[in-house]
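Below: one structure, written as structure tokens.
In UniProt numbering, the protein residues as written are 1 to 521.
Pasting the structure below:
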């Protein structure tokens, strides 16, 4: 049995290593692999006060529009040239995401006239044709449909590249894997281990770093961030979470943030957050004196609500982040904001995650609400991903609720920002009731505090509203989560629906029996 080792990121400053790294030439792909998280944060994350999930969702949608492709596992493996430093999706997924054997069905633009050039593309992309046949198109318009069964060379074959090259030569195209499953839709994880493949960062390499970031001129801080990011990139499901030996300066920054925020919580945060923080102080040693380690916090959450943490190097794509929520997994940063500005962070850091998100995820009702947003995202269109990301922004990040006839904060973005927490409850901003249809298209502000905040009466009501909204999301299937196997099942057959029905019958029978006993007693 393979021994599981735990990564430890030490606290010492390694200036020599940093200088050596700067001197080593790297290919573009290797540079992406080692530097992507830090470069993403410093080059693309600080144009506003904070980088948001909505920004990432919009970037993904725009990239899909420009390139004419979906961000699915079967379409992400295009080769990068050494000179290509334009907008790219950094894919750390395994090569086996792309089918070795596939069936491609297409309708050429000019009938058989284009067929020789199309078939030549198969050879150019090292894809061997095993079978080809043609037939009249099913739409009855006089076009021809061509079916090709093929197999890519395991070393050089590039089926996604082939498919992209055919897009301009065909009227329609469908790609099926060896099992006959259509892979022309967005890929999403089916089991919790698939989250290892959800490391896609949308980034644009620019010649100059953003001078507005507090760590712009601090080489030691940037080197430290890179070491922590590397530990997250190397993490795989099932391994112990990396241990970070925080420096004195980092611990001091944590303490300043902890003391200032906790002074507001009793009057400004919801009761679920207050209760969650008390439990974390009791069971995980939350205090101003020490930055909590993710392993202890994750174990606590798993026992409490079934949620767990996994380290993340930076801001993953909106689709990948939301997908992790479906498995009750929260992608959590381990770096801290720059010590020069402890009350301000232009991107999520562990103060935001551990003080804002984690206490709320210890509440069963809120935990279920968060997971349902994630489940709705699986296989959703790029447009719906943007809407779900906006709903997430105005609820899980900046949401308010009513308790004892008073407004309280439950959004992590508020609960980790002293200034905005005060502002949101000051009576100055506009307050609207949470309605998913309205919230999903509400403009947001990533430079200043929000002009509008949305309030929910209860998390249970918000869940029901979200479920109603979900019924209008265009998705050709529904999914269900199995907590025993930590997997998602696509309900795309009568047999699967029948199994789910039998499970629900069993649960209802148990519920009826329990209610009868309570009534009798």
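Idealized CB from N, CA, C, for every residue including glycine.
Residues near residue 450 by beta carbon distance below 7 angstroms, same chain, minus five either side: 398, 429 and 444
Tell me, please, whether the stretch 165–178 touches the stretch 107–116 by the rule of three or more beta-carbon pairs shorter than 8 angstroms. Verdict: yes, contact present.
Go through its chain and collect everything with a Cβ distance to residue 68's Cβ below 8 angstroms, but skip five positions before and after it. A caution first: residue 68 carries a pLDDT of 41, below 50, which makes its placement in the model unreliable, though a value can still be read off. Closer than 8 angstroms at the Cβ level, and outside the excluded window around residue 68, lie 164 and 167.
Contact check, residue 400 vs residue 454 under 8 angstroms by CB: the rounded distance? A Cβ-Cβ distance of about 7 angstroms is found for the pair residue 400 and residue 454, placing them in contact under the 8 angstroms criterion.
Buried or exposed by the 16-neighbour rule on C-beta atoms within 10 Å, applied to residue 484: exposed
Does DSSP put residue 481 in a helix, in a strand, or in coil? strand
Pull up the DSSP beta-bridge partners for residue 433, would you. According to DSSP, which records beta bridges pairwise, residue 433 is partnered with 455.
Going by beta-carbon coordinates alone, are residue 343 and residue 418 separated by less than 7 angstroms? yes
Helix, strand or coil: how does DSSP classify residue 390 here? helix
Rounded C-alpha distance that separates residue 304 from residue 175: 43 angstroms
For residue 452, which residues of its own chain have a beta-carbon under 7 angstroms away from its beta-carbon, when the five flanking residues on both sides are left out? 429, 430, 432 and 442
With a threshold of 6 angstroms on Cβ separation, who are the neighbours of residue 245 within its own chain once the five nearest residues in sequence on each side are excluded? 10 and 11
So which of 421, 513, 438 and 488 has the shortest CA-CA distance to residue 262? Selected option, being the one with the closest Cα: 421.
Ignore the nearest five residues each way along the sequence and tell me which others in residue 276's own chain have a CB closer than 7 angstroms to its CB. 359, 360, 362 and 363
Beta carbon of residue 256, beta carbon of residue 334: below 7 angstroms? no
In whole angstroms, give me the CA-to-CA distance for residue 376 and residue 499. Distance from the CA of residue 376 to the CA of residue 499, rounded to the nearest whole angstrom, comes to 21 angstroms.
Straight-line gap, residue 494 to residue 241 (C-alpha atoms, nearest Å): 40 angstroms
Name the two residues that bound the continuous alpha helix (DSSP H) containing residue 257. 248–268
Residues that DSSP places opposite residue 175 in a beta bridge: 104
N-terminal and C-terminal residue of the alpha helix (DSSP H) that residue 325 is part of: 318–326
Near residue 584, what residues of its chain come up, given a Cβ to Cβ distance below 8 angstroms and the 5 sequence neighbours on each side ignored? It is not possible to answer for residue 584, since the shown part of the chain is limited to 1 through 521.
Identify the continuous beta strand (DSSP E) that holds residue 128 and give its terminal residues. 127–136
On a CA-only basis, which of 177, 122, 188 and 189 is nearest residue 157? Give me that one, please. 122
Is any beta-carbon of chain B found at less than 7 angstroms from that of residue 510? Any reference to chain B falls outside this structure, which holds one protein chain only.
Around the C-beta of residue 258, are 16 or more other C-beta atoms found within 10 angstroms, so that it is buried, or is it exposed? buried
Using 7 angstroms as the threshold, is the C-beta distance between residue 311 and residue 235 below it? yes
Pull the bridge partners of residue 520 from the DSSP assignment, please. None; residue 520 has no bridge partner.
Using the C-alpha atoms, what's the distance from residue 392 back to residue 313? 21 angstroms
Beta-carbon proximity of residue 152 to residue 127, cut-off 7 angstroms: Taking 7 angstroms as the Cβ cut-off, residue 152 and residue 127 qualify as a contacting pair.
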